[in-house]
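Chains as they are written, first to last, in the numbering used here: chain A, 177 to 330; chain B, 177 to 330. Where is the CB? At the ideal position from N, CA and C, for every residue including glycine. Take a look at the structure set out below.
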DNA sequence: TTAAACTTGTTTCTATACGAACAAAAAACT
DNA sequence: AGTTTTTTGTTCGTATAGAAACAAGTTTAA
């Protein structure tokens, strides 16, 4: 009996539910970790930018020229419907401008405004702190390992 | 010059945006990895259960007795407002029953139905496959490392 | 015991996130 | 040229997710 790690109760449970521990599942943990990060982000970010809005605006600010709405969405892994909402809110805050493309009349070409670029500059040290705070439970070495493996899961 | 890893362009960019690569940030990667998992989950799951609904129903099925709505929510890391919606949808599908507590008249006590329990049993091999598919880009050893570190970030 | 503080659950608001259906325009193909 | 397919963007519906404000009931403390 000394070699058996399961008691009668879990033994019986596993006859029906073999070895599925919710708190160890990748999906459950990803949701919780993402939630924690979102909380940290919302608490610290300036200008009322959400994490999603920051990602999109940051990408746009880094562009050399204008880019279409859907193309920008793809660069930050958002589908067209989601992109539409995020862009609208950035536009409403005066961080982004949209203009009809003359060549392709379906397209809206997006550009960041001076206000948008200034906000990103101001936010940079803040988001670095957010990254640091999110990774705080890990050592430097663990963080590097984690990020490397996480990137493989995307 | 051979020892320098940066070209003129990135050199100039970093004068304003020091060393912040969006695609390497924990928040950006967590969102993408979570999205990928959600896609896998939705594609494979039976009974139309979402990942969130599955988590909550699974927890409830594992309970020995009834539990209050908010308490169940806390067990799966959902706030009261979110819990309310998820429970309503589970109830609408006949997977869960709610009953007023006689002792504490604020409370709704929840219990899984036979249908709910049967669905969880049927879903178990499916969700194991989902976990496996999500972790497929990693080796066994990498998966263990990743899950250990991910748990620390929750 | 009465008042203050907390808990439980609800509703409303805002913000992702995606599927599906759609119109308009562009591109590819026959 | 004319047809088919694809791309771009929109709208609608559903599902998390959390903040805020609220009512009702319970617990704690003075």
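Within 10 Å of its beta-carbon, does residue i have 16 or more other beta-carbons around it, so buried, or fewer, so exposed?
i	result
residue 195 of chain A	exposed
residue 132 of chain B	The question about residue 132 of chain B has no answer, for chain B in this structure spans 177 to 330.
residue 305 of chain A	exposed
residue 303 of chain B	buried
residue 224 of chain B	exposed
residue 240 of chain B	exposed
What did DSSP end up calling residue i once you bin it into helix, strand or coil?
i	result
residue 296 of chain A	helix
residue 202 of chain B	helix
residue 210 of chain A	helix
residue 263 of chain A	helix
residue 329 of chain B	coil
residue 243 of chain B	strand
residue 228 of chain A	helix
residue 197 of chain A	coil
residue 304 of chain A	helix
residue 314 of chain B	coil
residue 324 of chain A	helix
Nearest CA to the CA of residue i: which residue from the options?
i	options	result
residue 285 of chain A	A:291, A:267, A:216	A:267
residue 238 of chain B	B:312, B:295, B:309	B:295
residue 330 of chain A	B:213, B:279, B:329	B:213
residue 316 of chain A	B:325, B:319, B:318, B:309	B:325
residue 208 of chain B	A:219, A:250, A:200, A:197	A:250
residue 309 of chain B	B:205, B:215, B:198, B:199	B:215
Can you list, in chain order, the residues of its chain with a C-beta nearer than 8 Å to that of residue i? Leave out the 5 residues immediately preceding and following it.
i	result
residue 314 of chain A	322
residue 221 of chain B	227, 230, 299, 302, 303, 306
residue 265 of chain B	229
residue 292 of chain A	233, 236, 237, 266, 270, 271, 272
Leaving out five residues before and five after residue i in sequence, what residues of the same chain have Cβ atoms less than 7 Å from its Cβ?
i	result
residue 262 of chain B	228, 229, 232, 254
Can you find a heavy atom of the ligand ZN that lies under 7 Å from the Cβ of residue i?
i	result
residue 214 of chain B	Although the ligand ZN was asked about, the structure shown includes no ligands whatsoever.
What does a CB cutoff of less than 6 Å around residue i pick up in its chain, not counting 5 residues either side in sequence?
i	result
residue 217 of chain B	227, 306
residue 311 of chain B	319
*Is the region 271-287 of chain A close to the region 239-248 of chain A, with three or more CB pairs under 8 Å?*
yes
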